[in-house]
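In the working numbering, the protein residues as written are 1417 to 1717.
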């Protein structure tokens, strides 16, 4: 990771999720001073603008209850895929600010046009490993990791055309505490490592991060962090659309991202699912900015 070459991309998209508001996340982080806070770290950040749709035809498509807002998700992620790929070509560090977690489809598709053996750390209360056949909701943000592993509807996996596949053994989920039956089966069968809150409680976040870093950096040529703010306990991060009690604490989250910075393995990162409409006194917005700063090198001393 070269902190002097950060390309900050904002993706104000929320149609992959269940509740409105995630599309407001990127501007809320900017309004709360993200660029200014990064400047205090002496990190030159290129504000690379907004990746957005929308043509009205994508919004007007008939709804498929198993794949809600499919056309809009496809259009947005195709555009994001190309934007991320362009940044990697230019040797920039893509820092993606969402938006709901469906945008990870485009982020990872763009990265794997260049990284043959990408490792992925997926901080999330959920697995995001459903497909159109297993989804209980039809919300595509719950399918994004599955699609990134070439599982799911061909219209979605088709976004990964000409991209290298990801070995599930190079994927680590951290903070899970609400997994659907099909997701549990896929984790067991595929070889994904999943550190649930049970493991974090038992072994502590330091040991979990040590193991996770070893897994995603063994034999890989790049490592991507996908950080869903709902991995944090809703007491600390109420402003998210799919909150689940019992998540990582404020200090555990900071420690995890500090450890990733110290490991110096990341080649890209994204932070998603901040929903200002559900927040309390900008608590979640401020936390997201703090966590990004920890990831990029801010320390207490």
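For glycine and all other residues, C-beta sits at the position ideal for the given N, C-alpha and C.
Taking all protein chains shown into account, decide if residue i is buried (16 or more other Cβ within 10 angstroms of its Cβ) or exposed.
i	result
residue 1714	buried
residue 1511	buried
residue 1370	As displayed, the chain neither begins before 1417 nor continues past 1717, which places residue 1370 out of reach and without an answer.
residue 1531	buried
residue 1549	exposed
residue 1507	exposed
residue 1527	buried
residue 1503	buried
residue 1668	buried
residue 1458	exposed
residue 1711	buried
Alpha carbon to alpha carbon, how far is residue i from residue j?
i	j	result
residue 1600	residue 1568	16 Å
residue 1587	residue 1612	14 Å
residue 1617	residue 1632	21 Å
residue 1625	residue 1652	20 Å
residue 1607	residue 1545	13 Å
residue 1428	residue 1441	7 Å
residue 1484	residue 1694	22 Å
residue 1659	residue 1645	9 Å
residue 1559	residue 1603	13 Å
residue 1542	residue 1456	33 Å
Helix, strand or coil for residue i, going by three-state DSSP, please let me know.
i	result
residue 1573	helix
residue 1640	strand
residue 1676	helix
residue 1500	helix
residue 1598	helix
residue 1609	strand
residue 1526	helix
residue 1632	helix
residue 1661	coil
residue 1489	helix
residue 1711	helix
residue 1446	helix
Do you know whose CA, among the options, lies nearest residue i's CA?
i	options	result
residue 1466	1454, 1439, 1481	1439
residue 1514	1462, 1570, 1634, 1431	1431
residue 1366	1641, 1656, 1507	The chain is shown only over 1417 to 1717; residue 1366 falls outside these bounds and no answer can be derived.
residue 1584	1566, 1577, 1520, 1491	1566
residue 1578	1564, 1591, 1596	1564
residue 1451	1423, 1434, 1435	1423
residue 1555	1433, 1426, 1456	1433
residue 1581	1609, 1524, 1570, 1595	1524
residue 1697	1448, 1597, 1421	1448
residue 1648	1717, 1685, 1480, 1670	1670
residue 1677	1570, 1666, 1576, 1639	1639
residue 1650	1591, 1498, 1494	1591
For residue i, write down the residues that DSSP places opposite it in a beta bridge.
i	result
residue 1685	1511, 1641
residue 1697	The partner list for residue 1697 (beta bridge, DSSP) is empty, contrary to what the question assumes.
residue 1539	1590, 1643
residue 1427	1514
residue 1463	1424
residue 1483	1480
residue 1648	1664
residue 1534	1638
Is there a Cβ of chain B sitting closer than 9 Å to that of residue i, yes or no?
i	result
residue 1682	The structure shown contains no chain B, having only a single protein chain.
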